[in-house]
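J.: What follows is a structure written as structure tokens; I'll ask about it next.
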Amino acid sequence: MRPLIAALVFVHLATFCTASELTRCCAGGHRHFRETHKCTSIRSEGSSTTCARTASICCLRASLDHSCSTGTRHAEREGSCPATNSLNGGGLQKECCDCCLLAKDLLNHGEPCIGAVGFSPACLNSFNKCCDNNESAINENDENSVLLPVDGDRCASAKCDHICNDRGGFEVECSCRSGYELGPDGFSCVDIDECVLQLSDCRLGSQRCLNTPGSYKCIRTLSCGTGYALDSDTEHCIDVDECNHGTHDCGKLYQCRNTQGSYRCDPKKCASNEIMNPRTGECLSVDCPPGYEAKEGKCIDVNECELPDMCGNFEECINSPGSYRCQEIGDLCNKGYEMDKQTGYCTDVNECVDGVHTCGDHVCINLVGSYKCRCKAGFEFNEASLTCEDVNECTKFPGHMCSAHATCINTIGSFECTCDAGFALGADGRICEDIDECSEQSNLCQQKCINTPGSYQCICDQGYQLGIDGSMCEDIDECKTWARRGTELCMGGCTNTIGSFKCECPKGFEVDADGITCRDVDECQIGECPSTDQVCVNTLGSFKCHRIRCPRYYSHDSNLKNRCNRGPSACKRLNEVQCRKHPVHISWQHIAIPRHVNISSQRTSVVLFSMKGPSADEYQMQFELQLIRSRPEYPSVLPAIRSNFLLQKGEERNSAVIALRDSLDGPQEVEMELTLRLSVNGEFSSKFVANLVIFVSKYKPAITPNINEDHHHNHRHHSHHTHSHMLI
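So, in structure tokens, the structure goes:
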């Protein structure tokens, strides 16, 4: 009987208030419970007893719905029900919890999920939600029944939105799927806004709730840090493998190693018989002359004397760089001398004649007790090893042996200069000269050839782009190119031409001097709204004539066309305190904005209106903003909601700004009400109201491409004007 009683009360109240006033008063009751979770000291949206009574009824309804939802969630999560408490709605919480457990018991025993006769609407909704087949249970309560003839398929002609059950009696019954509740008419199903009723499990601070038909979604609001990416399926931040994706900046001499959230560059290492090319990072094998072996990238002398049987009997092995020699054991002569077996004296050994020197193909010069080598060009004598060693001109004289754009390569006794691609070696064999490919080959490019150091580049005239071969120029279809980017190059029609394009503008716009931008025509400048009580508002591509209708006891301001002032008769039968609750004046402010206004991470909101009151210290201001209505012109347009807007404190004293935090779809008309309460020295003095009307266009923000900069397009967004208004 509860829905019937509530309906009778609303019928009675409707005789004293209009439907919109009842809706506002009821919304105030719902909002009061969401903010306080109690239904005492409810702040009324109006001064009448009827409004206060309406707010109280709706607050109690919200309290009971919250108690039932809490009981259902407890049954789903805990599998048990708490004892009945004395708090408001405690009995209903226990009832909804038991009804949910009953549905679970039926499903566990394989029984059909059908409600019993006598279930209350709240119990039936909880019962239906806990049935895992998503089909609503059937209730035989008279309150939700639809009377139809007994004969035939009565569900076929019933008005049930979701589910109809014919029990064979004098009536069929309508019920709703999970996420919906049965409307007051007994057959329509109304979506439950889990976000508004705070029934979602979205995490505060990191997620925001988005209501959907029959359910809701939790949208992540925090971004992942550097080195991580968001997994769209799990909404978890996962590590990005920069090494695998090739997004690291490790040079050729380093190896990339991935870490959590980052990466490391480890130096490359070559084998012991290899040496690293410092320019390319490539490991090259080391070729050593006889008597040497490669080790750690260098040629190390081989000690042949460590090998067996290198000398004959009665001889000892003497190692030398790159070679060895055998001498008699027990030789008492110094190095470079040998004993004359006939005289017993030590005589000089002529290493050059005996061939025991280490000069190789260089000139050997004998000395008393030793020898030296006269080395060829490109070699130098090592007095310690008595050998001629190659001079590495590339490392000894870096940057001096070969010119720029050349690589110095050491050779035995000399060096070579090799040029980079696009350069040719000069006659001296050391200087690399740039090859002008454009002069040598006239047919390299279709339009223009630009020589560059070591190469060349083909460029095209404006309106063309290089083809795949890098030499031929193709016409750019600017219209299709911008369409693929999801951006309209022209607001109206776009026609491609050879090397360019042509824009046309829709009605209400005219082509600007640049031939691309569509400039809005301000119809208000030519007086499209003749009536004196109308305000002309220019919109993108059109205009609106907004009629200013003053409420009862208010009259138009003679100086301000958009303001209605309170007349003397408004407070005729009221005392001073009651009179202060009526606005001193009511004003209207209008603004037109494009749809999908760009709100980036650098600009989190866009200011639409700026309001301010007196700045003296004895005045204190309180601002309150509420969404009155949004009127989309098409069903596919997403209507604006209150959370799309921000009410913020202004920079000046007793000022406020209304900003757009989320881009709006269009076309639609949005109306909001800003209430200002003025206090003087802490005591409430008067009230002012500003009606804010926003016309959202069907057009996106205008863009102007820059087609003269390497054929890349830059965007220039035309911003709207912020409306500043003095409320008092």
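Residues -19 to -1, 1 to 709 in mature numbering (1 follows the signal peptide of the UniProt record, and there is no 0) are what the sequence shown spells out, letter by letter.
Just so it is clear, CB atoms sit at the ideal spot from N, CA and C, and this is done for glycine as well.
#1: I need the straight-line Cα distance from Phe108 to Leu83, nearest angstrom please.
#2: Straight-line CA distance for Tyr244 to Asp222?
#3: Could you say which of Cys327, Arg355 and Leu659 lies nearest to Gly594 if we only look at CA atoms?
#4: Label Tyr445 either buried or exposed according to how many other C-beta atoms from any shown protein chain fall within 10 Å of its C-beta, with 16 as the threshold for buried.
#5: Please state whether DSSP places Pro613 in a helix, a strand or coil.
#6: Quick check on the burial criterion: 16 or more other C-beta atoms within 10 angstroms. Buried or exposed for Tyr305?
#7: Which residues mark the beginning and the end of the beta strand (DSSP E) in which Lys316 is found?
#8: With 16 other CB atoms within 10 Å as the buried threshold, where does Arg642 fall?
#9: Quick check on this structure: which residue in Cys439, Asp268, Cys354 and Gln241 has the alpha carbon closest to the alpha carbon of Leu367?
#10: Suppose the cutoff is 7 angstroms on Cβ atoms and the five residues either side in sequence are ignored; what does the same chain contact list for Cys77 look like?
#11: Which value, in whole angstroms, describes the spacing of the CA atoms of Asp415 and Cys383?
#12: Spell out the partners DSSP gives Pro248 in its beta bridges.
#13: Are at least three pairs of beta-carbons, each pair with one atom in the segment 472 to 482 and one in the segment 528 to 536, less than 8 angstroms apart?
#14: Is Cys7 near Ala33, with beta carbons less than 8 angstroms apart?
#15: Just list the beta strand (DSSP E) runs in the segment 137 to 201, keeping only unbroken ones of 3 residues or longer that don't cross its boundaries, in chain order.
#16: Quick one: give me the first and last residue of the beta strand (DSSP E) that Glu335 is part of.
#17: For Cys356, I'd like the list of residues in its chain whose CB is within less than 6 angstroms of its CB, leaving aside the five on either flank, ordered along the chain.
#18: Apart from the five residues just before and just after Asp123, which ones in its own chain have a Cβ nearer than 7 angstroms to its Cβ?
#19: Is the Cβ-Cβ distance between Cys269 and Cys286 less than 8 angstroms?
#20: Judging by CA-CA distance, which residue of Lys488, Cys327, Asp142 and Leu185 is the nearest neighbour of Gly167?
#21: So for Asp220, helix, strand or coil by DSSP?
#22: Identify, in the order they occur along the chain, each residue of the same chain with its Cβ nearer than 8 angstroms to the Cβ of Asp691, setting aside the five sequence neighbours on each side.
#23: So within the segment 18 to 52, which uninterrupted alpha helix (DSSP H) runs reach at least 4 residues, ignoring any that extend past its ends?
#24: Taking one C-beta from the segment 562 to 573 and one from the segment 595 to 604 each time, how about it: are there three or more such pairs within less than 8 angstroms?
#25: I want to know whether the segment 512 to 530 touches the segment 542 to 549 - three or more CB-CB distances under 8 angstroms.
#26: State the Cα-Cα distance for the pair Phe490 and Ile497, rounded to the nearest angstrom.
#27: Alpha carbons only, please: which of Asp503, Pro248 and Pro648 is nearest the one belonging to Arg519?
#28: DSSP on Asp79, reduced to helix/strand/coil?
#29: Judging by CA-CA distance, which residue of Leu211, Lys233 and Asn239 is the nearest neighbour of Cys224?
#30: Take Leu447 and list the residues in its own chain whose beta-carbon comes closer than 8 angstroms to its own, dropping the five residues that flank it on each side.
#31: Report the start-end ranges of each alpha helix (DSSP H) in the segment 329 to 375 that is 4 residues or longer and not cut off at the edges.
#32: Apart from the five residues just before and just after Ile219, which ones in its own chain have a Cβ nearer than 7 angstroms to its Cβ?
#33: In this structure, how does DSSP classify Asp86 when only helix, strand and coil are distinguished?
#34: Are the CB atoms of Cys375 and Ile390 nearer to each other than 8 angstroms?
#35: Ignore the nearest five residues each way along the sequence and tell me which others in Asn662's own chain have a CB closer than 7 angstroms to its CB.
#36: Under 8 angstroms Cβ to Cβ from Gly473, same chain only, skipping five residues before and after it: list those, please.
T.: On the basis of the data shown:
#1: 7 angstroms
#2: 8 angstroms
#3: Leu659
#4: buried
#5: strand
#6: buried
#7: No beta strand (DSSP E) holds Lys316; DSSP gives it neither H nor E.
#8: exposed
#9: Cys354
#10: Cys49, Gly52, Thr53, Ala103, Cys104 and Ser107
#11: 14 angstroms
#12: Tyr235
#13: no
#14: no
#15: 144 to 147, 152 to 156, 161 to 163, 170 to 172, 188 to 193 and 196 to 201
#16: Correcting the residue type first, residue 335 is Asp in the shown sequence and not Glu. Per DSSP, Asp335 belongs to no beta strand (DSSP E); it is in the alpha helix (DSSP H), Glu332 to Asp335.
#17: His343, Phe362 and Cys369
#18: Caution is warranted here: a pLDDT of 39 is assigned to Asp123, below 50, making its placement in the model unreliable, and the coordinate value is therefore given only provisionally. If we look at Asp123 and ignore the five residues flanking it on each side, it has no Cβ neighbours.
#19: no
#20: Asp142
#21: strand
#22: For Asp691, the predicted structure reports a pLDDT of 37, less than 50, and the residue's modelled location is therefore unreliable. The matter cannot be settled from this model.
#23: none
#24: no
#25: yes
#26: 12 angstroms
#27: The question names Arg, but residue 519 in the sequence shown is Asn. The option with the nearest alpha carbon to Asn519 is Asp503.
#28: helix
#29: Asn239
#30: Cys439, Ile440, Cys441, Met453, Cys454 and Glu455
#31: 332 to 335
#32: Tyr209, Ala210 and Asp212
#33: helix
#34: yes
#35: Glu599
#36: Cys484, Glu485, Cys486, Pro487, Phe490 and Cys499
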